[in-house]
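Participant: Before anything else, here's the structure in question.
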């Protein structure tokens with residue numbers, strides 16, 4: 043695989059700083075039951091990295107002591123961490139909004155048959171990847187049979203009340219482009235998704251989140267191999283919109299890796315660019331118990347143009363309508 047970090051130091055992304063910390067995005071494990079082309083984590087069935095008990099104990103302490111209001115659980119497949127349910131339940135009892143970044147197919151894996159019921163019982167929000175409403179496109183990007191299994195997972199979530207008006211169980215879907223292009227306008231694509239999925243499969247959901255593919259990890263390496271990397275990076279820079287800077291996720295979110303170390307975002311985590319905290323050799327979860335990140339400079343490289351291009355992109359979808 044090509045290392046794209048040395049290629050991300052040419053375009054001079056603007057300097058930005060942090061606001062108030064509102065969300066912890068925690069990467070519990072790189073293990074996953076899938077291996078998707080666009081995955082910036084390089085997750086898969088053979089990955090073994092997983093948060094240990096000592097680090098998890100610090101995370102629970104931070105949840106209890108720090109005034110963050112959102113716990114965003116990701117991976118890999120975060121549900122494959124053996125203490126995923128304990129963590130989600132603890133955070134919900136502490137009053138946090140909990141998001142599960144779910145790949146949908148995990149809901150049908152052996153040993154996870156009651157996962158959907160657990161999520162519904164705890165009121166966990168589900169943000170699920172479905173990069174297209176067409177079977178062939180999903181299977182091309184994520185593996186043969188993934189679309190059918192994803193539809194089965196969505197139907198199961200709908201049956202439990204997810205995406206249903208008045209039930210309070212949030213179900214969001216995530217779209218990633220198939221190649222080196224920006225996502226289409228989020229609102230229009232959401233309408234297409236809702237119309238097609240309802241008509242063809244009887245599926246309902248709350249919102250579609252469009253996320254720009256980052257020129258890193260598997261996707262970045264593929265671009266390099268195909269001779270498309272420079273053109274894609276130039277597309278991101280040419281599509282830069284300064285007004286998106288105020289809403290990028292790194293201003294209010296911190297990314298936590300499986301060892302408890304802190305990063306300004308999940309993409310920096312995968313590039314090995316740690317959060318820079320003055321007076322600390324390497325920022326860790328435990329530092330959140332005794333210091334603030336307010337005003338801290340954010341580590342940037344050229345991949346950050348993916349978050350400010352066009353309508354903008356974050357883990358919560360487009361930044362602009």
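Numbering (this note's numbering), first residue to last: 43 to 363.
Glycine included, C-beta positions come from ideal geometry on N, C-alpha and C.
Here's a check: name, in chain order, each residue in its chain whose Cβ is nearer than 7 Å to the Cβ of residue 282, leaving out the five neighbours to either side.
Facilitator: For the purposes of this step, residue 282 is taken as the residue at position 240 of the chain shown. 347, 350 and 351, listed in sequence order.
Participant: Below 7 Å, is the gap between the Cβ of residue 232 and the nearest heavy atom of the ligand ZN?
Facilitator: As far as ligands go, the structure on display features none, and thus does not contain the ligand ZN.
Participant: State yes or no: is the C-beta of residue 217 within less than 8 Å of the C-beta of residue 173?
Facilitator: What you label residue 217 is simply residue 175 of the chain shown in a count that begins at 1. What you label residue 173 is simply residue 131 of the chain shown in a count that begins at 1. Yes, Cβ-Cβ distance for residue 217 and residue 173 is below 8 Å.
Participant: Residue 205 and residue 248 look like a contact to me (Cβ under 8 Å); what is the Cβ gap, rounded to whole Å?
Facilitator: The residue labelled residue 205 in the question sits at position 163 within the chain shown. The residue labelled residue 248 in the question sits at position 206 within the chain shown. Confirmed, about 6 Å.
Participant: Answer with buried or exposed for residue 149, where buried requires no fewer than 16 other C-beta atoms within 10 angstroms of its C-beta.
Facilitator: Residue numbering aside, residue 149 sits at position 107 when the chain shown is read from its first letter. Residue 149 is buried by the Cβ-count criterion.
Participant: Only counting the same chain, and skipping five residues up and downstream in sequence, which positions put a Cβ closer than 8 Å to that of residue 316?
Facilitator: One-based indexing of the chain shown puts residue 316 at position 274. Once the five neighbours on either side are set aside, the close Cβ partners of residue 316 are 303, 304, 305, 310, 324, 325 and 341.
Participant: Mind pulling the beta strand (DSSP E) runs of 3 or more residues that sit fully within the region 43-108?
Facilitator: Complete beta strand (DSSP E) runs here, min 3: 65-69.
Participant: Got a sec, what are the start and stop residues for the beta strand (DSSP E) residue 252 sits in?
Facilitator: Locating residue 252 in the chain shown gives position 210, counting from the first residue. Here the beta strand (DSSP E) through residue 252 covers 249-252.
Participant: Pick helix, strand or coil for residue 226, following the three-state DSSP scheme.
Facilitator: Numbered from its first residue, the chain shown carries residue 226 at position 184. Residue state, collapsed to three classes: coil.
Participant: Helix, strand or coil for residue 172 per DSSP?
Facilitator: Here residue 172 is taken as the residue at index 130 of the chain shown, counted from 1. Looking at residue 172 - three-state DSSP - the assignment turns out to be coil, as it is neither helix nor strand.
Participant: Can you find the residues in the same chain that come closer than 6 Å, C-beta to C-beta, to residue 270, ignoring five residues on each side of it along the sequence?
Facilitator: Your numbering for residue 270 matches position 228 in the chain shown. Taken in chain order, the residues that qualify are 222.
Participant: Whose CA, out of 65, 87 and 345, lies closest to the CA of residue 104?
Facilitator: The residue labelled residue 104 in the question sits at position 62 within the chain shown. Nearest of 65, 87 and 345 to residue 104, Cα basis: 65.
Participant: Using three-state DSSP, classify residue 215 as helix, strand or coil.
Facilitator: By one-based count along the chain shown, residue 215 stands at place 173. Residue 215 falls in the strand class under three-state DSSP.
Participant: Do we get a CB-CB distance below 8 Å when we pair residue 214 with the residues of chain C?
Facilitator: The structure shown contains no chain C, having only a single protein chain.
Participant: If contact is defined by three or more beta carbon pairs under 8 Å, each pair taking one atom from either stretch, is the region 236-252 in contact with the region 279-295?
Facilitator: Verdict: no, contact absent.
Participant: Kindly give me the distance between the Cβ atoms of residue 202 and residue 158, rounded to whole angstroms, as I take these residues to be in contact under 8 Å.
Facilitator: Residue 202 sits at position 160 when you count from the first residue of the chain shown. Residue 158 sits at position 116 when you count from the first residue of the chain shown. That belief holds up - the Cβ atoms of residue 202 and residue 158 are roughly 6 Å apart, short of 8 Å.
Participant: Which ranges would you report for the alpha helix (DSSP H) in the region 274-315 if only whole runs of at least 4 residues count?
Facilitator: Whole alpha helix (DSSP H) segments, 4+ residues: 308-313.
Participant: Excluding the 5 residues flanking residue 214 on each side, which residues of the same chain have their C-beta closer than 6 Å to its C-beta?
Facilitator: In the chain shown, the residue the question calls residue 214 occupies position 172. So the list reads 169, 248, 249 and 251, once near-sequence residues are dropped.
Participant: Closest to residue 123 by C-alpha separation, out of 134, 50 and 142, would be which residue?
Facilitator: Indexing the chain shown from 1 puts residue 123 at position 81. Out of 134, 50 and 142, 142 has the C-alpha closest to the C-alpha of residue 123.
Participant: Assign residue 229 to buried or exposed, taking buried as 16 or more other Cβ atoms, counted over all protein chains shown, within 10 Å of its Cβ.
Facilitator: Along the chain shown, one-based indexing puts residue 229 at 187. Per the 10 Å Cβ criterion, exposed.
Participant: Quick check on residue 356: does DSSP put it in helix, strand or coil?
Facilitator: The count along the chain shown starts at 1 and reaches residue 356 at position 314. Residue 356 falls in the strand class under three-state DSSP.
Participant: Tell me where the beta strand (DSSP E) around residue 341 begins and ends.
Facilitator: In the chain shown, residue 341 corresponds to position 299, counting from 1. No beta strand (DSSP E) holds residue 341; DSSP gives it neither H nor E.
Participant: Contact check, residue 50 vs residue 343 under 8 Å by CB: the rounded distance?
Facilitator: Here residue 50 refers to the residue found at position 8 when the chain shown is read from its first residue. Here residue 343 refers to the residue found at position 301 when the chain shown is read from its first residue. That pair is a contact at about 4 Å.
Participant: Considering only residues of the same chain and omitting the five flanking positions on each side of residue 355, which have a CB-CB separation below 8 Å?
Facilitator: Locating residue 355 in the chain shown gives position 313, where the first residue counts as 1. Result list for residue 355: 225, 252, 253, 254, 348, 349 and 361, in chain order.
Participant: Based on DSSP bridge pairs, tell me the residues matched to residue 326.
Facilitator: In the chain shown, counting from the first residue as 1, residue 326 sits at position 284. Bridge partners of residue 326: 303.
Participant: Given a cut-off of 8 Å, decide if residue 69 and residue 117 are closer than it, judged by their beta-carbon atoms.
Facilitator: For this step, residue 117 is matched to residue 75 along the chain shown. For this step, residue 69 is matched to residue 27 along the chain shown. Yes. Within cutoff.
Participant: Comparing alpha-carbon positions, which option in 96, 152, 73 and 92 lies nearest residue 86?
Facilitator: For the purposes of this step, residue 86 is taken as the residue at position 44 of the chain shown. Residue 73 is the option with its Cα nearest to residue 86.
Participant: Buried or exposed: which applies to residue 101, given that a residue is buried once 16 or more other Cβ atoms fall within 10 Å of its Cβ?
Facilitator: Here residue 101 is taken as the residue at index 59 of the chain shown, counted from 1. The residue in question, residue 101, is buried, as its Cβ has 16 or more Cβ neighbours within 10 Å.
Participant: If you follow the alpha helix (DSSP H) that residue 188 is in, where does it begin and where does it stop?
Facilitator: Along the chain shown, read from residue 1 onward, the residue named residue 188 stands at position 146. Start and end: 188-201.
Participant: Go through the region 105-180 residue by residue and report every complete run of the alpha helix (DSSP H) that reaches 4 residues or more, in order.
Facilitator: Those alpha helix (DSSP H) runs which fall completely within the region 105-180 and span 4+ residues are 126-135 and 157-164.
Participant: Under a Cβ-count criterion, where at least 16 other Cβ atoms within 10 Å of its own Cβ denotes burial, should residue 353 be classed as buried or exposed?
Facilitator: As a first step, residue 353 must be located in the chain shown, where it is residue number 311. Buried, by the Cβ-count rule.
Participant: Tell me the rounded alpha-carbon separation between residue 285 and residue 62.
Facilitator: Start at 1 with the first residue of the chain shown, and residue 285 comes out as number 243. Start at 1 with the first residue of the chain shown, and residue 62 comes out as number 20. Whole-angstrom Cα-Cα distance: 19 Å.
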